[in-house]
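S.K.: Residue numbering for the sequence shown follows my numbering, beginning at 868 and increasing consecutively.
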Amino acid sequence: MWALVINPVSGQGKGTTMGTYVAGYLNQKRCEFTIITGNSSQAMSDHLQTFIQKTSNCEGIIAVGGDGLMHIIVQIAVPHRIPFTIIPAGTGNDFVRTLGWDLHEIDDQLDRVIQSAPSPIDLGLVDGEWFGAILSTGFDSVVNEKANTMRWPKGPMKYNAAIAMELPRFAPRHYEITLDDRTLSTEAMLIAVSNGRSYGGGMLVCPNAEIDDGLFDVMVLHPISKLEFMKVFPQVFAGTHVSHPAVEIVRSKSVSIESVAVAYADGERVGQLPVSAECIPNAALTWVA
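1. Would you identify the three-state DSSP class for L1082, choosing helix, strand or coil?
2. From which residue to which residue does the beta strand (DSSP E) around T952 run?
3. Would A870 and T917 qualify as a contact pair, given that the criterion is a beta-carbon distance under 8 Å?
4. Only counting the same chain, and skipping five residues up and downstream in sequence, which positions put a Cβ closer than 6 Å to that of A1014?
5. Spatial neighbours of G886 within its chain, please: C-beta separation below 6 Å, excluding the five flanking residues on both sides.
6. Within the continuous beta strand (DSSP E) that includes H1041, where are the two ends?
7. For the pair the region 1048-1066 and the region 991-1006, tell me if three or more CB-CB distances fall below 8 Å.
8. Of all the options C1073, G880, K896, which has the alpha carbon lying nearest to the alpha carbon of F1104?
9. Can you check whether the CB of F1083 is closer than 8 Å to the CB of R1136?
10. What are the start and end residues of the beta strand (DSSP E) that includes E1012?
11. Please state the DSSP three-state secondary structure of I943.
12. Given a cut-off of 8 Å, decide if I954 and V889 are closer than it, judged by their beta-carbon atoms.
13. How long is the line joining the alpha carbons of P1035 and Q920, rounded to whole angstroms?
14. Say whether the region 900-915 touches the region 970-980, bearing in mind that this needs 3 or more beta-carbon pairs closer than 8 Å, one atom from each stretch.
Here is the structure:
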C-alpha cells in the first residue's frame, strides 16, 4: 500500500492537477494506494501519521507538492524508515532537482519508484528538525520574512519583489560559525548550509554539494556593496558565483551559527539563531535519478 500525499494548493493549484495524474498512473499500474491530503500543513502531517500507524505494509510515500511538503514528509518518513519521493508540483522544487529528476519527465520518475529499490541519502538535522536541501540565514531569510507577509504578487515574483524592497536597507551582520575543525568569526551577508545544491527555484548556491558524502557544503557570502551584490546575484542560477572573491565555501559535518538573525530550512522558518545542524549520513530512503 502506497501513501499518495497531495498538497492541493501547491504551485497555485498545480498540486491538484498533478495529484490527479499520479493517481491515474497508479491505478493504471494496479498499485494499491490511499490518498492523503489536508487543508493545512498540520492536517496533512496528522493524516499521514495516522495512516502509517494503521498500515503495517506501507511500501512508500509518494508526495505531490514542493519543498514545503517535502519538509513535512521527511519529519515522518525518517523515524519510520519509510522511503519517499516528491513529484514536483511546487514553486521551487529544489529537492527534486538535487535528486537529479527532470521536472517534466514525471512518468520516468514514477516508473523508477514502483519498479526499483530506493537509495539512502543524507539529511540535515537542525535542532531536532530534518531538512533535505538548504539551511540558510542572512539576506535570503530577511527576504523570506518579508515575502511571507505579502499577499501580492503570487508565485516566484513575490520573492523578487521582496528582494527589491529589502536590499536597499539590508546590512551585513556578524556571525560566529563553528565547524568541525575551526570557528569563523566574520561579517556576512548570507550563509547557506547545504545538503542539496539549490534553493529558491534553482539557485545553485552550493553547486558541488552531494547528498551522499556525509558533509555539508557551507557557503559564506562576505560583505560586498549592494551594486556588486546585484551583479553577482544572477550568477547563482548557474553556480558561477562561487569564483567571486567574497564567496567562501567550506565543508563540515556539523555547523553551529550564532548571530542576531533568523534561519530558514527548505523554505520553512526554523527561528532565531543560534542554531546547530549536523549532516546525518543515510538518514532517509528515496529514489535518485
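C-beta: ideal position from N, C-alpha, C; glycine also.
M.R.: To lay it out plainly:
1. Within the sequence shown, residue 1082 is the residue found at index 215, counting from 1. For L1082, the secondary structure class from DSSP, reduced to helix, strand or coil, is coil.
2. Start at 1 with the first residue of the sequence shown, and residue 952 comes out as number 85. Its beta strand (DSSP E) spans residues 951-955.
3. The residue labelled residue 870 in the question sits at position 3 within the sequence shown. The residue labelled residue 917 in the question sits at position 50 within the sequence shown. Cβ atoms of A870 and T917: not closer than 8 Å.
4. Counted from its first residue, the sequence shown places residue 1014 at position 147. If we look at A1014 and ignore the five residues flanking it on each side, its Cβ neighbours are K1025, Y1026, A1029.
5. In the sequence shown, residue 886 corresponds to position 19, counting from 1. If the five residues before and after G886 are omitted, its C-beta is found closer than 6 Å to the C-beta atoms of I873, V931, all from its own chain and listed in chain order.
6. In the sequence shown, residue 1041 corresponds to position 174, counting from 1. 1040-1045 is the span of the beta strand (DSSP E), which, as asked, contains H1041.
7. The way I'd put it, the region 1048-1066 does touch the region 991-1006; three or more beta-carbon pairs between them come closer than 8 Å.
8. Numbered from its first residue, the sequence shown carries residue 1104 at position 237. Minimum Cα distance to F1104 is reached at C1073.
9. Along the sequence shown, one-based indexing puts residue 1136 at 269. Along the sequence shown, one-based indexing puts residue 1083 at 216. The answer is no: Cβ separation not under 8 Å.
10. Translated into the one-based positions of the sequence shown, residue 1012 becomes position 145. Unbroken run through E1012 is the alpha helix (DSSP H), 1006-1014; no beta strand (DSSP E).
11. Taking the first residue of the sequence shown as 1, we reach residue 943 at position 76. DSSP places I943 in helix when its eight states are reduced to three.
12. By one-based count along the sequence shown, residue 889 stands at place 22. By one-based count along the sequence shown, residue 954 stands at place 87. Cβ distance < 8 Å, so V889 and I954 count as in contact.
13. Residue 1035 sits at position 168 when you count from the first residue of the sequence shown. Residue 920 sits at position 53 when you count from the first residue of the sequence shown. Taking the CA atoms as reference points, P1035 sits about 50 Å from Q920.
14. Segments in contact, no.
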